[in-house]
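Undergrad: Per the numbering used here, the sequence shown starts with residue 9, numbered consecutively. Here you go, one structure.
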Amino acid sequence: KALIAALKNHPYLNSSLETTPDGIQEIVLKIYYNIGIGVDTPEGLMVFVIKGAEQKSIAELAKEIEEMAIKARERTIDLGELKGGTFTVTNYGSIGGIHGTPIINPGECAILGIGKILELPRVIHGNIEVRHILPLSITFDHRITDGAEVARFANVLIEHLEDPDLLLIE
């Protein structure tokens, strides 16, 4: 839900670069949010797609993600459930990874990589405090957007992750 809030504020990250029949490339902004979720399977990475994620509650999203991950690992997932993503999330932190550079799925503008949450020292108002830090990586297509827009997107995402009550306002 935090991701969708950030994508709504920065729609170019939920877009694709498409070629018209006359060969002109144009950016197509998506008005729906089909979120790809990378899952580790015995056969390697598989990305299933949660379609219409913006219309689902956090509980519904969690249930669907869990069900789709099981289907992916058991190889009972339908081909249609692996297509149509508008933005992808990959969580290499779930197996202990901290940093990564995920590769954008074809037809999408960007992908978010999530690392392992770490306890690290931070300076807060002049004092050193231990905080939980979530490493994030965003790979994006420079033909569609730029680093400043992606940084603004990341700031909205972080703001919503740090304060989930903001999702109640959305």
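Built from N, CA and C at the ideal position, the CB exists for glycine as well.
(1) What are the start and end residues of each continuous alpha helix (DSSP H) run of 4 or more residues lying completely inside the segment 135-178, in chain order?
(2) Taking all protein chains shown into account, do 16 or more other C-beta atoms lie within 10 angstroms of the C-beta of Ala156, making it buried, or fewer, making it exposed?
(3) Suppose the cutoff is 6 angstroms on Cβ atoms and the five residues either side in sequence are ignored; what does the same chain contact list for Leu174 look like?
(4) Helix, strand or coil for Arg130? Go by DSSP, reduced to three states.
(5) Quick one: grab the DSSP three-state call for Glu116.
(6) If you count every other CB in all the chains shown that lies within 10 Å of the CB of Thr98, and 16 or more means buried, which is it?
(7) For Gly104, which three-state DSSP category applies?
(8) Nearest-angstrom Cα distance between Lys71 and Ser23?
(9) Under the three-state reduction of DSSP, which class applies to Asn22: helix, strand or coil?
(10) Tell me, please, which residues DSSP counts as bridged to Gln33.
(11) Under DSSP, the beta strand (DSSP E) around Asn99 begins and ends at which residues?
TA: For this structure:
(1) 155-170 and 174-177
(2) Looking up residue 156 in the sequence shown gives position 148. That one is exposed.
(3) Against the sequence shown, residue 174 aligns to sequence position 166. Answer for Leu174: His168, listed in chain order.
(4) The residue you call residue 130 lines up with position 122 of the sequence shown. In this structure, Arg130 counts as strand in the three-state DSSP scheme.
(5) Mapped onto the sequence shown, residue 116 falls at position 108. Coil.
(6) Taking the first residue of the sequence shown as 1, we reach residue 98 at position 90. Its Cβ being crowded by 16 or more others within 10 Å, Thr98 is buried.
(7) Counting from 1 along the sequence shown, the entry for residue 104 is found at position 96. Gly104 falls in the coil class under three-state DSSP.
(8) Here residue 71 refers to the residue found at position 63 of the sequence shown. Here residue 23 refers to the residue found at position 15 of the sequence shown. So the two alpha carbons sit approximately 26 angstroms from each other.
(9) As a first step, residue 22 must be located in the sequence shown, where it is residue number 14. If DSSP states are grouped into helix, strand and coil, Asn22 belongs with the helices.
(10) Counted from its first residue, the sequence shown places residue 33 at position 25. Beta-bridge pairing links Gln33 to Thr27.
(11) One-based indexing of the sequence shown puts residue 99 at position 91. Asn99 -> beta strand (DSSP E) spans Phe95 to Asn99.
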